[in-house]
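Q:
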Amino acid sequence: MSTKLHLPKESIDHARQLARAIASPVVDFIDKHSSVTVERAALRLAGADGANPDGVPVPNLVVDQLRAADPTMLEDGAVLRYVNALVRTGDSVGALNARVAAGYNVAQQPLVDREKIVKKAAELVTTAADRIKGNRAHRELKQEEFHGRNNSPLLYLIVATGNIYEDVKQARAAASQGADVIAVIRTTAQSLLDYVPFGPTTEGFGGTYATQENFRIMRAALDEVGEKEKRYILLTNYASGLCMPEIAAMGALERLDMMLNDSMYGILFRDINMYRTFVDQKFSRMIDAYAGSIINTGEDNYLTTSDAFEKAYTVLASQFLNERFAYSAGLPARLQGLGHAFEMDPSIKNGFLYELSQAQMAREIFPEHPLKYMPPTKFMSGDVFKGLAMNTLFNFVSKATNQGIHLLGMLTEAVHTPFMMDRFLAVDNARYVMNNMEGFYDDIEFKKDGIIVNRAHDVLTKTISFMEEVEKTGLFDAIEQGLFAEVKRPKDGGKGFEGLIKKGPAYFNPFEDHLKRELGLER
Amino acid sequence: MDDGKVQLSFTLPVPNGAKGREAARKLVLSWGFKECEVVHSTVLADDFSMYVAYAKTEQSIDYDSVVADEASADASMDMEAVDAFIKEHIGRKIVVVGACTGFDAHTVGIDAIMNMKGFNHHYGLERYTGIDAYNLGAQVPNEKLIDYALKVKADAILISQVVTQKDTHIHNMTEFVELLEAKGLRERFICVAGGPRIGNKLAVELGFDVGFGRGTYADDVATFIVKKIVEKQKA
Chain F
0 MSTKLHLPKE
10 SIDHARQLAR
20 AIASPVVDFI
30 DKHSSVTVER
40 AALRLAGADG
50 ANPDGVPVPN
60 LVVDQLRAAD
70 PTMLEDGAVL
80 RYVNALVRTG
90 DSVGALNARV
100 AAGYNVAQQP
110 LVDREKIVKK
120 AAELVTTAAD
130 RIKGNRAHRE
140 LKQEEFHGRN
150 NSPLLYLIVA
160 TGNIYEDVKQ
170 ARAAASQGAD
180 VIAVIRTTAQ
190 SLLDYVPFGP
200 TTEGFGGTYA
210 TQENFRIMRA
220 ALDEVGEKEK
230 RYILLTNYAS
240 GLCMPEIAAM
250 GALERLDMML
260 NDSMYGILFR
270 DINMYRTFVD
280 QKFSRMIDAY
290 AGSIINTGED
300 NYLTTSDAFE
310 KAYTVLASQF
320 LNERFAYSAG
330 LPARLQGLGH
340 AFEMDPSIKN
350 GFLYELSQAQ
360 MAREIFPEHP
370 LKYMPPTKFM
380 SGDVFKGLAM
390 NTLFNFVSKA
400 TNQGIHLLGM
410 LTEAVHTPFM
420 MDRFLAVDNA
430 RYVMNNMEGF
440 YDDIEFKKDG
450 IIVNRAHDVL
460 TKTISFMEEV
470 EKTGLFDAIE
480 QGLFAEVKRP
490 KDGGKGFEGL
500 IKKGPAYFNP
510 FEDHLKRELG
520 LER
Chain S
0 MDDGKVQLSF
10 TLPVPNGAKG
20 REAARKLVLS
30 WGFKECEVVH
40 STVLADDFSM
50 YVAYAKTEQS
60 IDYDSVVADE
70 ASADASMDME
80 AVDAFIKEHI
90 GRKIVVVGAC
100 TGFDAHTVGI
110 DAIMNMKGFN
120 HHYGLERYTG
130 IDAYNLGAQV
140 PNEKLIDYAL
150 KVKADAILIS
160 QVVTQKDTHI
170 HNMTEFVELL
180 EAKGLRERFI
190 CVAGGPRIGN
200 KLAVELGFDV
210 GFGRGTYADD
220 VATFIVKKIV
230 EKQKA
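Chain order of the listed sequences is F and S.
Sequential numbering of the first sequence, starting at 0, is according to numbering that gives the first Met the number 0.
Sequential numbering of the second sequence, starting at 0, is according to numbering that gives the first Met the number 0.
1) Can you list the residues of chain S that M420 (chain F) reaches, using a CB-CB cut of under 8 Å?
2) Name the chain F residues that come within less than 7 Å of R213 (chain S), Cβ to Cβ?
3) Quick one: any contact between the stretch 60–68 of chain S and the stretch 76–84 of chain S, if contact means 3 or more CB pairs under 8 Å?
4) By DSSP, does G386 (chain F) sit in helix, in strand, or in coil?
5) Answer with buried or exposed for E143 (chain F), where buried requires no fewer than 16 other C-beta atoms within 10 angstroms of its C-beta.
6) Using only alpha-carbon positions, find the residue among S:Q6, S:L124, S:A111, S:D61 that is nearest to V27 (chain S).
7) Which residues does DSSP pair with Y194 (chain F) in a beta bridge?
8) S305 (chain F) versus chain S: which residues are under 8 Å apart at the beta carbon?
9) Let's test the definition: count the other Cβ atoms within 10 Å of the Cβ of V224 (chain F) and tell me whether it reaches 16, buried, or not, exposed.
10) Spatial neighbours of T71 (chain F) within its chain, please: C-beta separation below 8 Å, excluding the five flanking residues on both sides.
11) Can you tell me which of the three DSSP states E34 (chain S) falls into?
12) Following the continuous beta strand (DSSP E) through A192 (chain S), name the residue where it begins and the one where it ends.
13) Are D337 (chain F) and L6 (chain F) closer than 7 Å when you measure CB to CB?
14) Residues bridged to F118 (chain S) by DSSP?
15) Determine which residues share a DSSP beta bridge with L110 (chain F) and list them.
16) Does V225 (chain S) pass the burial test, meaning 16 or more other C-beta atoms within 10 Å, or should it be called exposed?
17) Using a Cβ-Cβ distance under 7 Å, would S397 (chain F) count as near chain S?
18) Can you find a C-beta in chain F that's less than 7 Å from the C-beta of A192 (chain S)?
19) Looking at L124 (chain S): is its Cβ nearer than 7 Å to the Cβ of V95 (chain S)?
20) Can you tell me which residues form a DSSP beta bridge with C99 (chain S)?
21) Pick out the complete alpha helix (DSSP H) segments inside the stretch 302–359 of chain F, 4 residues or longer, and give them in chain order.
22) What residue from F:K31, F:S317, F:Y431, F:G102 has the CA that sits closest to N508 (chain F)'s CA?
23) Which one of S:S29, S:R126, S:D154 has the shortest CA to CA distance from V229 (chain S)?
24) Residues of the stretch 102–114 of chain S in Cβ contact with chain F at a cutoff of 9 Å, in chain order, please.
25) Do you know how far the Cα of T215 (chain S) is from the Cα of K33 (chain S)?
26) Could you give the distance in angstroms between the alpha-carbon of T173 (chain S) and the alpha-carbon of R488 (chain F)?
27) Tell me the residue span of the beta strand (DSSP E) that contains L153 (chain F).
28) Which residues share a DSSP beta bridge with A44 (chain S)?
29) Please decide whether T167 (chain S) counts as near chain F, where near means a Cβ-Cβ distance under 7 Å.
30) Taking the alpha helix (DSSP H) that A173 (chain F) falls in, what are its first and last residues?
31) Give me the residue from F:E517, F:T376, F:S356 with the minimum Cα distance to E455 (chain F).
32) Pull up the DSSP beta-bridge partners for F9 (chain S), would you.
33) Tell me, which residues are paired with F211 (chain S) by DSSP?
34) Measuring alpha carbon to alpha carbon, tell me which residue in S:D110, S:K152, S:A181, S:F118 is nearest Q160 (chain S).
35) Give me the subset of the stretch 124–155 of chain S whose CB atoms are less than 9 Å from a CB atom of chain F, sorted by chain position.
36) Between L407 (chain F) and V426 (chain F), which are expected to be in contact by the criterion C-beta below 8 Å, what is the C-beta distance as a whole number of angstroms?
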């Protein structure tokens, strides 16, 4: 790729080495640990599903049974006891789930020969792997069939009514208006639930519960509208939170195409324990990698909390770290939707040039990554006319720097949940801008030593000195001291810490083993 | 001037076309407008279309009888003035605790008021030398917020509510006041509600001292709190 910013390759390489050095001790920690949701994700891949009459999901019932029986039992992996129960009862997975939901306790069953468990588990791994590989093949087939029909960048629209059936109507309309990606935003606070609700849902606040059934319903609707529009419509949901790997597993099983998944978002912005988050993000990313699902990282959050002009380097630093953690989970660059956002104060002189610089810098440093670009939100107001103008500039920057995934800005961002009309105006504006400047990216160069070039060099330099500080401090301590997003999180504080599990010497997780083999992560 | 002209845009659940445009025009007239011109229509989805229309109204109201429902005083003090006011009239640092309560995860409002940086060149309460500000962030249970306010001996508690779907803000705000009252603590704190859809009238009805809506800055909140503290001292 030709460079327009002339960023020194040595600096970029140095930043990547720093990211590796920062992540390395964290990855060592991760590899020695599991968590309750990692175990539940493995159970879900094995087929554990359903819920008891109180709505407690079967994967939670199993994990809770093991914890209650003996706090160390989970160190052997929850799949061991689940498969043991399958062998003992001779049940199908469905029958065992019903039995567990009715009160059957898998923790109380003596273990059969390990050989039998290993053999049965291998069957379950094959079943899950076949389903996920089938989903991946179907997606690739459809994307091949409809090749060249999607917008570039992909236009990403959010629906959020709280009712999955209403979401379907909104999503169909959005797709037929031209959206390539539909994200069903989750109900407020689902990220803090240590379980994933079961079944279709029609009640939510500010969004709709992520459940496997809701995934299936939306997937079917988008496939249908995709056939009509002759475009593959990508489906997105949100994994970050206390159930990252479970939501990734459900997404893999139901062919979700993108997953919001940030290595540190939960820690900084949801006060989830740091050890827990790091452990959870890895297994979830391994599942995403295997499923061919693009992760979307959450760098935009740094800019909504802090000043987008002053703290631009925190975005680049986070992109380097997210990239490193993604590679260590087996995600190739083409599945890394690193995030950033158009959030500078619109009153800044030359703000547009700085935004252009930041977006172009991300493009050049991460050339193969489908960058996820987020619209203005912080400075959107009730002045919808100004809002539309800001979104137009955002659209311009996105196309001018060849971003991968373009989250459409709503002119009524600060006013209400978008009307159908608001979404249309957003798509219409984006398509107008993007068609009008189709060849701009290839045609334009920046003045050497101009404002845009200098700004990128300056941000890269700041990023490196920030990363050097983090490397010296250590990532866990850096987070504790508030180096990221000006938020301080104690190591043993935050939600979900009690759900961390130390892997025992006999830890059994055939799904993790399979993913490691398939993704080439064996050490 | 004074022509009664109004600009409208809306969506109708009908296909786009001549019949849709005429339906839009008739609908606007049915709202009491005298003239209506539909200047634009477009298809949104199979059975939905969007319209832009201009219409004319002959209605008017008595401006002098209007009472504003906004607590943001047009003459709020700025940070320096508030700090000076605290020094002169209160003589100690005041303590303010804030949070998004209930399940609300949107900290953009409370951050704009409290964070050092503030918003749109209005510094947040953390920057005030006369204020100890504690921003507890998102999804804080009411109970926990009150406990924290007691612990740090807060003068004022700020509650931010951004999500208003299904009136969840009303439930949260009501529960907060009821909890305070049950503990006999309502008079102990100055209670401030804020959010893009929070009016002063609503907040006061629910038992808060004040409610701040869209366009509020830290200056407005700080001015209200310091004046209220002095008012309470005198009482």
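A virtual CB, placed ideally from N, CA and C, is assigned to each residue, including glycine.
Remember, it's a predicted structure, so these values are computed and weren't measured experimentally.
A: This is what the structure gives:
1) Within 8 Å Cβ-Cβ: S8, F9, T10, L43, M49.
2) Under the 7 Å cutoff, chain F gives G381.
3) The stretch 60–68 of chain S, when compared against the stretch 76–84 of chain S, does not touch it at the 8 Å Cβ threshold.
4) Helix.
5) Per the 10 Å Cβ criterion, exposed.
6) Measuring from the Cα of V27 (chain S), the nearest candidate turns out to be S:Q6.
7) Answer is none; Y194 (chain F) lacks a bridge partner.
8) In chain order: K116.
9) Using a 10 angstroms sphere on the CB of V224 (chain F), the tally of other CB atoms reaches 16 or more, which defines it as buried.
10) These residues qualify, in order along the chain: G503.
11) Residue state, collapsed to three classes: strand.
12) Residues 189–193.
13) According to the sequence as given, residue 337 (chain F) is Leu; it is not Asp. Here L337 (chain F) is not near L6 (chain F), since their CB atoms are 7 Å or more apart.
14) Answer by DSSP bridge pairing, in chain order: S:H121.
15) Residue pairing by DSSP places L110 (chain F) in no beta bridge whatsoever.
16) It is buried - the Cβ of V225 (chain S) has at least 16 other Cβ atoms within 10 Å.
17) No, no contact with chain S.
18) With 7 Å as the cut-off, A192 (chain S) does not count as an interface residue toward chain F.
19) Cβ atoms of L124 (chain S) and V95 (chain S): closer than 7 Å.
20) Answer by DSSP bridge pairing, in chain order: S:S159.
21) As far as the stretch 302–359 of chain F is concerned, its whole alpha helix (DSSP H) runs of at least 4 residues are 311–327.
22) Ranking F:K31, F:S317, F:Y431, F:G102 by CA distance to the CA of N508 (chain F) puts F:K31 first.
23) It is S:D154 whose Cα lies nearest to the Cα of V229 (chain S).
24) Per Cβ criterion, the list reads F102, D103, A104, H105, T106, V107, D110, A111, N114.
25) Across the structure, K33 (chain S) and T215 (chain S) are spaced so that their CA atoms are roughly 37 Å apart.
26) The alpha-carbon separation between T173 (chain S) and R488 (chain F) amounts to approximately 31 Å.
27) Start and end: 153–158.
28) Residue pairing by DSSP places A44 (chain S) opposite S:F47 in a beta bridge.
29) With respect to chain F, the C-beta atom of T167 (chain S) has a partner C-beta closer than 7 Å.
30) In the DSSP annotation of this structure, the continuous segment of the alpha helix (DSSP H) that includes A173 (chain F) starts and ends at 163–176.
31) In the sequence on display, residue 455 (chain F) carries Ala and not Glu. Measuring from the Cα of A455 (chain F), the nearest candidate turns out to be F:S356.
32) DSSP, once it has assigned bridges, lists S:Y50 as partnering F9 (chain S).
33) According to DSSP, which records beta bridges pairwise, F211 (chain S) is partnered with S:G193.
34) Closest by alpha carbon: S:D110.
35) Result list: G136, A137, Q138.
36) With 8 Å as the limit, L407 (chain F) and V426 (chain F) qualify as a contact, their Cβ atoms being about 6 Å apart.
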